[in-house]
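K.L.:
Supplied in structure tokens, the structure appears directly below.
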Amino acid sequence: MRVPEREQWLAAGCALGNFMNAAHQLGFGAIMLSGERCFNALLCAELGLDPTESLAGFISLGSIKTAAEPRKPTMLNAVRAFWQPGSSPESSGSAADSSRSAT
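Structure representation (structure tokens):
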């Protein structure tokens, strides 16, 4: 029985997330990038992919020389909103406004 393509992509995403979490936990820096290179026919052929297969992305993994600067905290009301039936984000104003009107 073949696993549906959607489930394959979900499983690949979970595996990538777990790999990234493990790398960071072990003190490595890691980033996953996709983009146009994942659709390059020559690259896919050189990697031995079947024409029906595709790449999810590439992971760059390495040692961290210096720690990143801490990010400035973001106020929760600046990034969250509450959905209300019959409204759209355009009609409800800013996220902060919509959070005040939520019950």
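For the record, in the sequence shown the residue sitting at position 85 is 85 according to UniProt numbering, with numbers rising by one throughout. From the three backbone atoms N, C-alpha and C, an ideal C-beta is built for every residue, glycine too. Nothing here was measured: the structure is a model prediction, and the numbers come from that model.
1. For PHE58, collect the residues of the same chain with a Cβ closer than 6 Å to its Cβ; drop the 5 residues on either side in sequence, then sort them by chain order.
2. Go to GLY27, then tell me how far its alpha helix (DSSP H) extends in each direction, as first and last residue.
3. Quick check on ALA102: does DSSP put it in helix, strand or coil?
4. Put LEU47 into one of helix, strand or coil per three-state DSSP.
5. Assuming SER60 and ALA11 form a contact by the criterion Cβ under 8 Å, report the distance between their Cβ atoms to the nearest whole angstrom.
6. Going by DSSP, which residues form a beta bridge with SER33?
7. Alpha carbon to alpha carbon, how far is ARG2 from LEU47?
8. Any Cβ of chain D within less than 8 Å of the Cβ of LEU42?
9. Considering only their Cβ atoms, is the gap separating LEU55 from CYS38 smaller than 8 Å?
P.N.:
Quick answer:
1. Closer than 6 Å at Cβ, skipping near neighbours: LEU33.
2. It is not in any alpha helix (DSSP H) - GLY27 carries neither H nor E in the DSSP assignment.
3. A caution first: ALA102 carries a pLDDT of 47, below 50, which makes its placement in the model unreliable, though a value can still be read off. For ALA102, the secondary structure class from DSSP, reduced to helix, strand or coil, is coil.
4. Note: LEU47 maps to coil in three-state DSSP.
5. Actually they are not in contact, since the Cβ atoms of SER60 and ALA11 sit about 22 Å apart, beyond 8 Å.
6. For the sequence presented, residue 33 should be read as Leu rather than Ser. According to DSSP, LEU33 bridges with PHE58.
7. Taking the straight line joining both Cα atoms gives about 23 Å.
8. Structure shown: chain D not included; a single protein chain is present.
9. Taking 8 Å as the Cβ cut-off, CYS38 and LEU55 qualify as a contacting pair.
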